[in-house]
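> This is the structure, below, for whatever I ask next.
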Amino acid sequence: MNLSYEKNTTGVPTLTDESDVDSITDILVANNIQYTILQSCQLLAIPCYLFLFYHFWKTPTIRKGIDMHVFILIVILNFITLTGDLSVFLNYIRTNSVWLHTHSFCLYWMWIDNFCYTLGMWLTAWGSIERHILIFHRNLLNTFKQRLIVHYIPLTFCIAYCCVYSSYLVFGYPCENVFDYTSVLCGSTCAYGDFYLAQYDTIANSIVTTILIVLCSISLLFRVLWKRRHYRRGLQWAKIRKMTIQLLSISSLYMITTIPVNTEYLIGYVSEDSIAYSYLSNMMYLLYCVLPFVCLTTLPELRQKLRICRIHHHHRAVAPTFLFHRASNTIHTIHPWNKQ
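So, in structure tokens, the structure goes:
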């Protein structure tokens with residue numbers, strides 16, 4: 459049995475004429491399972507994202523908190539990926555064809571896929587580094603100038619770098635794209651034909667960022683556990699605990715979805731053209747679906763609001779009813795648990 463696949467950068471392998479019927483059937487079944495799982499997760503995740511945005515809008519302390527900026531940006535970016543990239547990918551694995559057979563649509567898909575993935579990795583990596591500053595070196599953020607240098611400029615650089623890099627990769631590299639409407643990402647950008655550029659993209663934007671996320675997250679956990687005895691059980695410890703849990707929750711998702719594919723790339727055990735590598739790459743889409751639910755569990759303000767609403771609803775349900783008897787000028791109290 460001779461199987462060969464056209465290389466793609468995101469997911470489902472495209473079968474060539476040398477594949478036999480059994481292999482085609484197996485891959486179609488696998489694609490249907492993958493489509494069902496991702497489509498169901500997407501439909502569940504979108505309302506959760508919208509609820510998070512509503513909560514951000516209604517809670518000024520979250521929007522203004524310097525420790526929440528990276529968190530909010532990651533949520534927004536993942537929502538864009540979920541709706542703008544995953545929807546196109548789902549249509550592809552359902553029809554085995556690109557949604558719109560136009561050059562402009564292929565360029566859009568290439569750009570948004572590369573931009574969202576690269577920015578997500580760099581934001582998480584920087585967020586892992588910045589958490590150390592926010593928890594253990596808060597004095598570096600006392601003045602606006604310090605916040606500008608330590609917080610706002612790095613964030614702006616991450617966004618600008620990813621935007622410029624993705625634009626150069628898709629629109630600016632001096633080569634002619636050959637679009638294949640039956641391949642993921644229309645066959646991907648021709649810039650990946652440059653060996654050194656392709657190596658830089660993988661190492662700098664995937665492997666290095668993953669290593670930073672792992673090292674900074676693990677070291678933060680150990681530092682917090684080591685120094686927790688110095689923080690008394692109060693507001694300071696509660697804030698440190700919240701920031702640590704937020705980082706570890708998001709970074710864990712990125713580690714789970716990126717470490718396998720990066721490890722396989724480094725050791726070369728699985729070929730980039732294989733089905734296994736394709737499905738490992740598609741694990742990133744599960745991250746975009748799971749992330750909003752994880753974020754909900756890391757927001758104590760939201761849990762407090764839900765607790766207040768539940769208590770208020772309970773009080774309304776058991777509140778006594780007062781009736782005025784006009785003839786005797788008396789008030790009778792009727793309790794809902796003892797109605798007559």
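Numbers 459 to 798, taken from our numbering, label the letters of the sequence shown in order.
Glycine included, C-beta positions come from ideal geometry on N, C-alpha and C.
For clarity, every value in this text was computed on a predicted model and none was experimentally measured.
1) So what does DSSP say about His595, is it helix, strand or coil?
2) Does the distance from the CB of Leu757 to the CB of His513 come in under 9 Å?
3) Under 7 Å Cβ to Cβ from Cys753, same chain only, skipping five residues before and after it: list those, please.
4) My guess is that Leu598 and Gln604 are in contact by the Cβ rule of under 8 Å, so how many angstroms apart are they, rounded?
5) When the Cα atoms are used, what is the spatial distance from Ile676 to His688?
6) Compute the Euclidean distance between the alpha carbons of Ile708 and Tyr723, then round it to the nearest angstrom.
7) Near Val748, what residues of its chain come up, given a Cβ to Cβ distance below 7 Å and the 5 sequence neighbours on each side ignored?
8) If you compare alpha carbons, which of Cys644, Leu683, Pro750 is closest to Ser562?
9) Measuring alpha carbon to alpha carbon, tell me which of Ser624, Cys621, Tyr623, Tyr650 ends up nearest Asn635.
10) Quick one: residues in its chain with C-beta nearer than 6 Å to the C-beta of Val719, no 5 flanking neighbours on either side, listed in chain order?
11) May I ask you to report which of helix, strand or coil DSSP gives Asn635?
12) So the candidates are Lys516, Met526, Asn554, Ile661; which of them puts its Cα closest to the Cα of Met701?
13) Exposed or buried, which one is Ser641 when buried takes at least 16 other CB atoms within 10 Å?
14) Is it buried or exposed, Asn490, if we count other Cβ atoms within 10 angstroms and call 16 or more buried?
15) With a threshold of 8 Å on Cβ separation, who are the neighbours of Leu548 within its own chain once the five nearest residues in sequence on each side are excluded?
16) Give the range of the alpha helix (DSSP H) segment to which His527 is assigned.
17) Where Asp652 and Gly630 are concerned, what is the direct C-alpha to C-alpha distance, given to the nearest angstrom?
18) Cβ of Cys648 within 9 Å of Cβ of Cys633?
19) Excluding the 5 residues preceding and the 5 following Ala805 in the sequence, name in chain order all residues of the same chain whose CB lies nearer than 6 Å to its CB.
20) Name the two residues that bound the continuous alpha helix (DSSP H) containing Leu613.
21) Just to confirm, are Ser664 and Met741 a CB contact at a threshold of 9 Å?
22) Do Ile538 and Cys574 have their C-beta atoms within less than 9 Å of each other?
23) Assuming contact is defined by CB atoms lying nearer than 9 Å, are Ile671 and Ala583 in contact in what I supplied?
24) Note down the Cα distance separating Thr553 from Leu486, rounded to an integer number of angstroms.
25) Can you tell me the Cβ-Cβ gap for Tyr746 and Leu502, rounded? I've got them flagged as a contact below 8 Å.
26) I need the boundaries of the alpha helix (DSSP H) containing Ala656, first residue and last residue.
27) Round the Cβ separation of Leu581 and Val528 to the nearest angstrom and send it over; I've been treating them as touching at under 8 Å.
28) Report the option in Phe615, Ser625, Ala488, Arg596 whose CA atom is closest to the CA atom of Lys697.
29) Is it true that the CB of Arg589 sits closer than 9 Å to the CB of Leu531?
30) Please classify Ala775 as buried or exposed, where buried requires at least 16 other C-beta atoms within 10 Å of its C-beta.
31) Just to confirm, does Leu598 get its C-beta within under 8 Å of one of the non-hydrogen atoms of the ligand GDP?
Looking at the atomic coordinates:
1) coil
2) yes
3) Leu510, Val533
4) 6 Å
5) 20 Å
6) 23 Å
7) Leu711
8) Cys644
9) Tyr650
10) Leu738, Ser739
11) coil
12) Met526
13) buried
14) exposed
15) Tyr493, Leu496, Gln497, Gln500
16) 527-542
17) 13 Å
18) yes
19) This structure cannot settle anything about residue 805, because the visible part of the chain is limited to 459 through 798.
20) 611-625
21) no
22) yes
23) yes
24) 11 Å
25) That pair is no contact at about 12 Å.
26) 653-660
27) 6 Å
28) Arg596
29) no
30) At Ala775 the pLDDT is 49, less than 50, meaning the model places this residue with poor confidence; the figure from the coordinates comes in the next sentence. Flag for Ala775 reads exposed.
31) Questions concerning the ligand GDP fall outside what the structure shown contains, since it holds no ligand whatsoever.
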